[in-house]
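In terms of this note's numbering, the sequence shown opens at residue 4 and continues consecutively.
The beta carbon of each residue, even a glycine, is placed where N, CA and C say it ideally should be.
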Amino acid sequence: MRTVAITLLVLVLFCLALWWQRSVLVELLLQQALKQSALSSPSLSGLSFDSKHAKLTEISFGLATPVGDLTVAMQDVATDYDLEKRTIHNVSIGHAALKLKYRPAAQSASNTAENGPISLPLDRLSIARLEIDIDTPWGLSSFAGQADITHGAADAVEARFQDARQSIHLKIDPGFSAAKLNVQRLPSGSILELNARQLDGPAKQIKLNAGALSLIEWFNSSLLIPQTLRAKTQSYDLSKLSPLLSATQLSASAKTPDNFATLQADVALQRNKQSLVAIDLSMTNKQTIDMNGHLDIAASEAFDLIKPWLPAIAASWTVAGGKVGGNLQMHKLSNQDTSGTAHLTITDLALTAGAAKIENGNIGLNIPELADRTVDLTVEVPTLGLGKDLIAHNLSVKAIYLDQELTLSQAKLALFGGTMELMPDKIRLEQTPILLTLRLHEVDLSQLLTSLHYPNISGTGSIAGELPLQLSAGTIDVQDGSLSGTQPGVLRYVGPADNQNIAFKALRNLVYQHLQAKVNYRPNGEYHLGLRLEGSNPEVLSGHPLAFNLNISGQLPELLQKGILAGDLERTILEQAIAKPADVEKSPKPPSGDQQPKPPPADRRNQ
4 MRTVAITLLV LVLFCLALWW QRSVLVELLL QQALKQSALS SPSLSGLSFD
54 SKHAKLTEIS FGLATPVGDL TVAMQDVATD YDLEKRTIHN VSIGHAALKL
104 KYRPAAQSAS NTAENGPISL PLDRLSIARL EIDIDTPWGL SSFAGQADIT
154 HGAADAVEAR FQDARQSIHL KIDPGFSAAK LNVQRLPSGS ILELNARQLD
204 GPAKQIKLNA GALSLIEWFN SSLLIPQTLR AKTQSYDLSK LSPLLSATQL
254 SASAKTPDNF ATLQADVALQ RNKQSLVAID LSMTNKQTID MNGHLDIAAS
304 EAFDLIKPWL PAIAASWTVA GGKVGGNLQM HKLSNQDTSG TAHLTITDLA
354 LTAGAAKIEN GNIGLNIPEL ADRTVDLTVE VPTLGLGKDL IAHNLSVKAI
404 YLDQELTLSQ AKLALFGGTM ELMPDKIRLE QTPILLTLRL HEVDLSQLLT
454 SLHYPNISGT GSIAGELPLQ LSAGTIDVQD GSLSGTQPGV LRYVGPADNQ
504 NIAFKALRNL VYQHLQAKVN YRPNGEYHLG LRLEGSNPEV LSGHPLAFNL
554 NISGQLPELL QKGILAGDLE RTILEQAIAK PADVEKSPKP PSGDQQPKPP
604 PADRRNQ
């Protein structure tokens, strides 16, 4: 009996020791079991439990998923359960950190399988501090906040994620038959609402509704959006876009009868129930994609939308009127280039760009075939203001753009009673300088002088010629431009002058038969004008023929300050002319824009 008693006592003590150290033993057994599972590097510590509750100080592991490698680290994990019913009621986690290196899953037959029901093996999961980092090809997507996930009847799931800026509410119906996602801005305001139906079968429907401005602001600020995608929206000046987009609604819907092998979708931007942008898309058997798009928007709104991508000089431009309309038809077959057409028109455009002002302008961009990437450009502007009281008419431009090359077939306008046109040419836009030739036809001298507001100079006649242009970034270079009179005329100067100078006396009423000029202008502002006039004044030297060579040089900014801006350019010319005494020219010479400046000499013939 004594031996039996001692044996029973030892067994009791051994059982008590096992019970006392049950947490350590279970922790060791659990850790060994985890090592035999699909988890990598599992680790746990601080396990304690009783018949209804269990706690873990720390647990971490890695897991290879179809979308990438996942690592999980959790602290202060607590749960309560019912062993008899084999159910877990609540799980609370003090801190959970999840990191995923996202890689797109390989295409396989399983991709088209129907979605199985989601089963959450507990009633509620709450995480006081949740950190999620997803490394995607488009940058880091992250979330830092709190989460609460509830398991309802028939495997329904409701989840809420919240951080300092946003609240994300996800509701999944039983059997994963439908889902609803709401994103709210905190403290108040809706960002987007996404509804999905019939997810448990091959025929699915998805619909999105959002305020356009709210969605852009969310993309601009939410860390859930990968860095690269977020940076694109940050280029927008939202303060300028607010009046444009604040009342604009975005809606999109898609449906498929066969797990997205075939798809019908449409996207629309609307304001006050009027369509601004509409896109219809269809996909058949994952092989053929057809898309039709339509655009109908005010030109001022379209300009505000594209302004972030325009050159800095466009920041001061203003669009006061006009409509932008466009159509797109696209067809894409698997392993083939995209085909289709696109057309964009801007009608009744009113644009102010510095001193230039366009009224009732019409611009057309036409792509006859998307696969060729050729763009036909046409511009028609009935009225073009080029400065104070300087108006051009009937601007017409026709060109073809392809692969950084602009083939200019027509660019002309009516100005000063004649026409000015750029000669047809092929222009490589990435090469500088760009070489062009500006040709003048029958420009009326009287209108030219009148438009420059020189009250002391007037004249008649017409001029024509060519100005070779070299265009670089923000600069213009004119080298050896040549102008000549196309018919005799009269030049009159009635301002102050030295009446003892024959040249000025003749210029009071010079009837000229020949006019020639050579023009040079450098990017640094230097200009050189060589002018040759041949004619006579009936009141000077009995009307004997005279020849004038006038060479003017200087800096254009100085000329602008003293002349154009002050409306007194003839004074600038006069000051240069009387700086030296006049010389008599015995034989006419052709004008040269490269000669040194000198006063206008007079040549008396047949005396």
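Report, in whole angstroms, the separation of the C-beta atoms of A182 and I175, which I expect to be a contact under 8 Å.
5 Å
DSSP state of Q290 mapped onto helix, strand, coil:
Coil, per DSSP.
Meets three-Cβ-pair contact criterion under 8 Å: the segment 370–382 and the segment 401–412:
yes
Coarse secondary structure for K235, derived from DSSP in three states
helix
Would you decide whether T231 is buried or exposed? Buried here means 16 or more other CB atoms lie within 10 Å of its CB.
exposed
Could you give the distance in angstroms between the alpha-carbon of T341 and the alpha-carbon of R376?
A straight line joining the alpha-carbon of T341 with that of R376 spans about 10 Å.
Under 8 Å between C-beta atoms of L216 and L248
yes
Alpha carbon to alpha carbon, what distance is there between L532 and S487?
13 Å
Measure the alpha-carbon distance for T614 versus I309 and round it to whole angstroms.
Outside the shown range of the chain, which is 4 to 610, sits residue 614, and nothing can be said about it.
Same chain, Cβ closer than 7 Å to L474, neighbours up to 5 away in sequence not counted
P436, I437 and L439
Roughly how many whole angstroms lie between the Cα atoms of K335 and E372?
13 Å
Just how far apart, CA to CA, sit G329 and K401?
19 Å
In chain order, what residues of the same chain have a beta carbon less than 6 Å from the beta carbon of G367, not counting five sequence neighbours either side?
Around G367: T348 and T381.
With a 10 Å radius around its C-beta and 16 neighbouring C-beta atoms as the bar for buried, classify Q482 as buried or exposed.
Q482 comes out exposed.
Quick one: residues in its chain with C-beta nearer than 6 Å to the C-beta of E161, no 5 flanking neighbours on either side, listed in chain order?
Listed in chain order, the non-local C-beta contacts of E161 below 6 Å within the same chain comprise T153 and K174, local neighbours out to five positions each way being set aside.
Are there 16 or more other CB atoms within 10 angstroms of the CB of G538, so buried, or fewer, so exposed?
buried
Cβ neighbours of S337 in the same chain (closer than 6 Å, five flanking residues each side left out):
Q290
8 Å Cβ shell around L12 - same chain, five flanking residues per side excluded
For L12, the predicted structure reports a pLDDT of 49, less than 50, and the residue's modelled location is therefore unreliable. A value from the coordinates is still provided. Excluding positions up to five away in sequence, the list is empty.
Among residues of its own chain, excluding the 5 on either side of T265, which ones have a beta-carbon nearer than 7 Å to its beta-carbon?
For T265, where only same-chain residues beyond five positions count, the Cβ hits under 7 Å are T259, M286, T287 and N288.
Starting from Q169, trace the beta strand (DSSP E) in both directions and tell me its first and last residue.
Q169 to I175
In terms of DSSP beta bridges, what is K276 paired with?
Beta-bridge pairing links K276 to no other residue.
Could you spell out where the alpha helix (DSSP H) holding T453 opens and where it closes?
L448 to S454
P190, buried or exposed, once every other Cβ within 10 Å from all chains shown has been counted against 16:
Within a 10 Å sphere around the beta-carbon of P190 sit fewer than 16 other beta-carbons, which makes this residue exposed.
I need the DSSP call for F508, collapsed to helix, strand or coil.
The identity of residue 508 in the sequence shown is Lys, whereas the question assumes Phe. In this structure, K508 counts as helix in the three-state DSSP scheme.
Alpha-carbon to alpha-carbon, A156 and Q201
19 Å
Measure from the alpha carbon of G468 to the alpha carbon of each residue in G343, A305 and S485, then state which is nearest.
S485
Bounding residues of the alpha helix (DSSP H) (the contiguous stretch that carries D616):
Limits of the chain in this structure are 4 at one end and 610 at the other, which puts residue 616 out of reach.
Rounded C-alpha distance that separates A271 from R442
Answer to the nearest angstrom: the Cα atoms are 47 Å apart.
Just how far apart, CA to CA, sit T321 and G148?
44 Å
Assuming T386 contacts N363 under a Cβ cut-off of 8 Å, what Cβ separation, rounded to an integer in Å, is found between them?
6 Å
In whole angstroms, what separates the C-alpha of L73 from that of L133?
15 Å
Please report the distance separating the alpha-carbon of N295 from that of Q169.
35 Å
Measure the CB-CB distance between L86 and I62 and report whether it falls below 8 Å.
no
Sequence-distant residues of its chain with Cβ nearer than 6 Å to K589 (five each side left out):
At K589 the pLDDT is 35, less than 50, meaning the model places this residue with poor confidence; the figure from the coordinates comes in the next sentence. Hits under 6 Å: none found.
Length-filtered (4 minimum) alpha helix (DSSP H) runs lying within the segment 74–106:
Runs of the alpha helix (DSSP H) inside the segment 74–106: none found.
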